[in-house]
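Numbering follows my numbering, with no gaps: position 99 of the sequence shown is 1095. By construction, the Cβ of each residue, glycine as well, lies at the ideal position given by its N, Cα and C atoms. Here's the structure, in structure tokens; my notes come after.
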Amino acid sequence: AHYDPDTEDTWGIPDLLCVKVVISSEKYMVLLEDLQSRFDFKPLSAISPLDNFSLPSREEDPVSIIKWFVDNYPLAPNEKQKWHKLIIDNEGTDIHCPEHYKGLPRHYAVAFYKFLKNKLCFNPEEVPIQKAFSEQLLEKHGVYPLYFGQRFIYLLCDNPKTYEFEDEWLSEGHEAREIVPVLADADSIRSAIAKSRGTTFKSNDIVEACELHYSEDQNLLDIDPVEIAEVNPLNPNTSPEEVIKWVLFRAVSGRGSDLHVEKYYNTARFRARIDGSLKTIHSCSEEQLPRFIALFKNFSNMGHQHQNLQDARFGMKIGRKRIDVRVSAMPCRKENQKLTMRFLDKQDGIKELSELHLSERQSGIVNSTMTRDQGLVLVTGPTGSGKTTTLYAFINSINQDDINIHTIEDPIEYEIEGINQTQTDEFHGIDFATGLRSLLRADPDVILVGESRDEETATAAINAALTGHLVLTTLHANDSLRAVSRLISMGVEPYLLGDALAMSQAQRLVKKLCSYCKREVPVSNEMQDLFYKNGVISDQINEPIYEAEGCEECGGSGFLGRVAIMEMCPINQLISEMISSGTSMSEMRKEAAKQGVLSLYQEGMKQVVLGNTTIEEISKLSHFGAME
């Protein structure tokens, strides 16, 4: 390196081994002092004795070239020993073979192998931090920019054919530059990419397995609410990055749980799921969709493959609020893609039991169940029904010093201090079943299994519940008692399930009336009869019920948030025996009704009477009927 590229002075390093660059005179002086202090020598003048050296050519004997290098390059003593050993061990052999370089520093070995093959090479460990390309683009093509100029790009690669990389980069709208390939091995290139992140790469790591980790820890999208308030997404001068930030801010601030990015006729459409319903918050021309999808993928460290199913995540910071975003990409017709994002609010995700709007009876059931020393607790419901939120509230209610709580989840949606949480990892052989068996050796008191998806996991959970552990898990079933038949159909023995099951709960989320604008309506005689027949009231009620109106606070919808409808069925001795003996579902429902269990529909009716939702919302649950 030298501040004057035209000089012949190369500080004692042969021209053959130098790459000249332009630096400022100030940096030159700093570099000069550093080299003098590090190697304890002064640089040679422009008239160097090395000018009289006869430099080797690539056509010479490889061993002679290495001997020349060892004699003339200021190697450290231990490095010289390695090179001398290489020379001795390979006298009379074909040293062009890469296996002869094992045991040498990787960058030296690769450099000499490429040099002897008459190919340009460089030490990847000396690469600068780059900002010109997205990391996922570099990882996808296995390249790294050594130099990025107005006309040229020197690109580290393990294959000089970089056409696919160049095509994809140009398709993103960048100006064309001449690409000069600089050869290096694949591990070194990954090291360079990792260094650019500020992380360390190990050659036996799998890059795909690390993508999620990097996106979780490194990719944090910072959105300033003040700046976003001034953004007009319909203005043609607004950049795609600003539009995306505006959409994300609009979705999160509007209480959205999910964001959908998709093609709709000839437009790109952004829809947010707010209070359970999808609502379009922005649309634009379909020509902009590939750019938006590419940006979202950049945020989450995804590759740009069109036909692959992909899952990743990134972090988002809005003001002081930190939100994790889970991203799923799916191919659609005509080479389109759809992105779906789930927002996980780190602060608002963990709820107290008091925030679940439990009745007095339900609170008693939860408290008695969570203080048991063993048993199986099931929470059932479709995707997006709040099962994880409920389970977190349950285990957080007993999160104290004398209880060891351990979870295995896919993914870890919310981090809770004081609770040991494990993420499933198929690559390393950690799934729900194997993870649960390992957890039993960690002396747990309470175990949360994210989902019982198969017979192996369900059986392992039941065995854990029978051996002195309180086990909580989720299941996809329509109601609390149908979870029993679901597990039996998966292959679980009824007598084991009957002994292990402590409580089964089904739940749904329904829209909650906006407290600012909900309107009173009198209870008609027909409604009185409906409430009475469903066991919601025992006498005539004089209080009004409510219906949706719409105001500025709720965006004109009449609803603000959602409330959980929970069907809780504690398993007493009689129901346990009925499960073990294979009693019919109708008989078990009758017994549950005698114990005071209300169906989802009946619990929903109670929320109508309490003024939390409308009869129209609860009518969606009418197919469940009463528990009898």
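Exercise for the section: Go through its chain and collect everything with a Cβ distance to L1570's Cβ below 7 Å, but skip five positions before and after it. Expected result: Along the sequence shown, one-based indexing puts residue 1570 at 574. Non-local C-beta neighbours of L1570 in its own chain, meaning closer than 7 Å and more than five positions away in sequence, comprise E1587, ordered along the chain.
Practice task
Under 8 Å by Cβ, that's how I've got T1455 and V1480 pegged, so tell me the actual separation to the nearest angstrom.
Solution key: Residue mapping note: residue 1455 aligns to position 459 of the sequence shown, counting from 1. Residue mapping note: residue 1480 aligns to position 484 of the sequence shown, counting from 1. With 8 Å as the limit, T1455 and V1480 do not qualify as a contact, their Cβ atoms being about 15 Å apart.
Problem - For V1321 and I1314, the rounded distance between their alpha carbons - result: Along the sequence shown, one-based indexing puts residue 1314 at 318. Along the sequence shown, one-based indexing puts residue 1321 at 325. Roughly 12 Å between the two C-alpha positions.
Problem - C-alpha distance - K1127 paired with S1476, whole-angstrom precision - result: In the sequence shown, the residue the question calls residue 1127 occupies position 131. In the sequence shown, the residue the question calls residue 1476 occupies position 480. So the two alpha carbons sit approximately 53 Å from each other.
Problem - Separation of E1413 from N1392, as counted between CA atoms - result: The residue given as residue 1392 occupies position 396 in the sequence shown. The residue given as residue 1413 occupies position 417 in the sequence shown. C-alpha separation (whole angstroms): 9 Å.
Exercise for the section: For T1403, count neighbouring C-beta atoms within 10 Å of its own C-beta (all shown protein chains included) and say buried if the count is 16 or more, exposed if not. Expected result: Taking the first residue of the sequence shown as position 1, residue 1403 is located at position 407. The residue in question, T1403, is buried, as its Cβ has 16 or more Cβ neighbours within 10 Å.
Handout entry: DSSP state of A1656 mapped onto helix, strand, coil
Key = Because residue 1656 is not part of the residues shown, which for the chain are 997 to 1624, the question remains open.
Practice task
Assess, as a yes-or-no matter, whether the segment 1573-1589 is touched by the segment 1553-1561 under the definition of 3 or more beta carbon pairs within less than 8 Å.
Solution key: no
Practice task
Along the alpha helix (DSSP H) that carries P1540, what are the first and last residues, could you check?
Solution key: Stepping through the sequence shown from its first residue, residue 1540 is reached at position 544. Counting along the chain, P1540 falls outside any alpha helix (DSSP H), and DSSP gives it neither H nor E.
Exercise for the section: Evaluate contact between the segment 1132-1139 and the segment 1154-1162, counting only Cβ atoms and requiring at least three cross-stretch pairs below 8 Å. Expected result: yes
Handout entry: Three-state secondary structure assigned by DSSP to N1416
Key = Taking the sequence shown and counting its residues from 1, one reaches residue 1416 at position 420. Reduced to three states, the DSSP call for N1416 is strand.
Problem - Buried or exposed (CB count within 10 angstroms, at least 16 for buried), S1296 - result: Translated into positions along the sequence shown, residue 1296 becomes position 300. S1296 should be labelled buried.
Exercise for the section: Within its chain, find whatever has a CB closer than 7 Å to the CB of S1618; leave out the 5 residues flanking it on each side and keep chain order. Expected result: Counted from its first residue, the sequence shown places residue 1618 at position 622. Excluding positions up to five away in sequence, the list reads Y1597.
Problem - 6 Å Cβ shell around S1615 - same chain, five flanking residues per side excluded - result: Translated into positions along the sequence shown, residue 1615 becomes position 619. Nothing meets the Cβ criterion.
Exercise for the section: Could you spell out where the beta strand (DSSP E) holding I1399 opens and where it closes? Expected result: Counting from one through the sequence shown, the residue named residue 1399 turns up at place 403. Per DSSP, I1399 belongs to no beta strand (DSSP E) and is neither H nor E.
Handout entry: Check whether G1600 and I1567 have beta carbons under 8 Å apart
Key = Within the sequence shown, the letter at position 604 stands for residue 1600. Within the sequence shown, the letter at position 571 stands for residue 1567. No; because the gap between Cβ atoms is not below 8 Å, this pair is not in contact.
Handout entry: Span of the alpha helix (DSSP H), counted from its first residue to its last, around I1577
Key = Within the sequence shown, the letter at position 581 stands for residue 1577. Reading off the sequence shown, one finds Ser at residue 1577, where the question assumed Ile. Q1569 to S1577 is the span of the alpha helix (DSSP H), which, as asked, contains S1577.
Exercise for the section: Can you have a look at L1166 and say buried or exposed, based on whether 16 or more other CB atoms are within 10 angstroms of its CB? Expected result: For this step, residue 1166 is matched to residue 170 along the sequence shown. L1166 comes out exposed.
Practice task
To the nearest angstrom, report how far apart M1584 and N1530 are at their CA atoms.
Solution key: Here residue 1584 refers to the residue found at position 588 when the sequence shown is read from its first residue. Here residue 1530 refers to the residue found at position 534 when the sequence shown is read from its first residue. Spanning the two alpha carbons is a distance of roughly 18 Å.
Problem - Beta-carbon spacing of E1351, T1384 below 8 Å - result: Indexing the sequence shown from 1 puts residue 1351 at position 355. Indexing the sequence shown from 1 puts residue 1384 at position 388. Taking 8 Å as the Cβ cut-off, E1351 and T1384 do not qualify as a contacting pair.
Problem - Local conformation of H1278 per DSSP, three classes - result: Here residue 1278 refers to the residue found at position 282 when the sequence shown is read from its first residue. Here H1278 sits in strand by DSSP.
Practice task
Alpha carbon to alpha carbon, how far is K1191 from F1288? Give it in angstroms, no decimals.
Solution key: As a first step, residue 1288 must be located in the sequence shown, where it is residue number 292. As a first step, residue 1191 must be located in the sequence shown, where it is residue number 195. Near 27 Å, if we compare the C-alpha coordinates of K1191 and F1288.
Practice task
Give me the Cβ distance between I1319 and V1248, rounded to the nearest whole Å; I'm assuming they're in contact under 8 Å.
Solution key: Here the question's residue 1319 lines up with position 323 in the sequence shown. Here the question's residue 1248 lines up with position 252 in the sequence shown. About 6 Å separates the two Cβ atoms, so the contact holds.
Practice task
Quick one: residues in its chain with C-beta nearer than 7 Å to the C-beta of T1415, no 5 flanking neighbours on either side, listed in chain order?
Solution key: The residue given as residue 1415 occupies position 419 in the sequence shown. Before going further, note that residue 1415 is Ile rather than Thr in the sequence given. If we look at I1415 and ignore the five residues flanking it on each side, its Cβ neighbours are I1391, N1395, I1401 and T1403.
Exercise for the section: Evaluate contact between the segment 1531-1546 and the segment 1601-1609, counting only Cβ atoms and requiring at least three cross-stretch pairs below 8 Å. Expected result: yes
Practice task
Confirm, please, whether the CB-CB distance from L1387 to L1432 is below 8 Å.
Solution key: Taking the first residue of the sequence shown as position 1, residue 1432 is located at position 436. Taking the first residue of the sequence shown as position 1, residue 1387 is located at position 391. Cβ distance not < 8 Å, so L1432 and L1387 don't count as in contact.
Exercise for the section: With DSSP as the reference, label H1170 as helix, strand or coil. Expected result: As a first step, residue 1170 is located in the sequence shown; it is residue number 174 there, counting from the start. Reduced to three states, the DSSP call for H1170 is coil.
Problem - Any 3 or more C-beta pairs closer than 8 Å across the segment 1496-1505 and the segment 1361-1376 - result: yes
Problem - C-alpha distance - I1240 paired with T1276, whole-angstrom precision - result: Here residue 1240 refers to the residue found at position 244 of the sequence shown. Here residue 1276 refers to the residue found at position 280 of the sequence shown. Between I1240 and T1276, the C-alpha separation is close to 14 Å.
Handout entry: One or two residues paired with A1502 in a DSSP bridge
Key = To locate residue 1502, count along the sequence shown from 1; it is residue 506. Looking at the DSSP assignment, A1502 forms a beta bridge with T1376 and E1563.
Exercise for the section: May I ask which residues mark the beginning and end of the alpha helix (DSSP H) holding M1581? Expected result: Here residue 1581 is taken as the residue at index 585 of the sequence shown, counted from 1. Here the alpha helix (DSSP H) through M1581 covers M1581 to K1590.
Practice task
Buried or exposed for G1382, please, with buried defined as at least 16 other CB atoms from any protein chain shown within 10 angstroms of its CB.
Solution key: For the purposes of this step, residue 1382 is identified with residue 386 of the sequence shown, where counting begins at 1. Buried: at least 16 other Cβ atoms inside 10 Å.
Handout entry: Coarse secondary structure for S1253, derived from DSSP in three states
Key = The residue given as residue 1253 occupies position 257 in the sequence shown. Three-state DSSP puts S1253 in a strand.
Practice task
Enumerate in chain order the residues of its own chain whose CB-to-CB distance from G1145 is below 8 Å, with the five nearest sequence positions on each side excluded.
Solution key: Here residue 1145 is taken as the residue at index 149 of the sequence shown, counted from 1. Within its own chain, the residues whose Cβ lies closer than 8 Å to the Cβ of G1145, once the five positions on either side in sequence are excluded, are R1173, listed in chain order.
Handout entry: CB contact flag (T1376, V1506, <8 Å)
Key = Here residue 1376 corresponds to residue number 380 of the sequence shown, with the count starting at 1. Here residue 1506 corresponds to residue number 510 of the sequence shown, with the count starting at 1. Contact annotation: T1376 and V1506 have beta-carbon atoms that are not nearer than 8 Å.
Exercise for the section: Excluding the 5 residues preceding and the 5 following R1449 in the sequence, name in chain order all residues of the same chain whose CB lies nearer than 7 Å to its CB. Expected result: Numbered from its first residue, the sequence shown carries residue 1449 at position 453. If we look at R1449 and ignore the five residues flanking it on each side, its Cβ neighbours are F1428.
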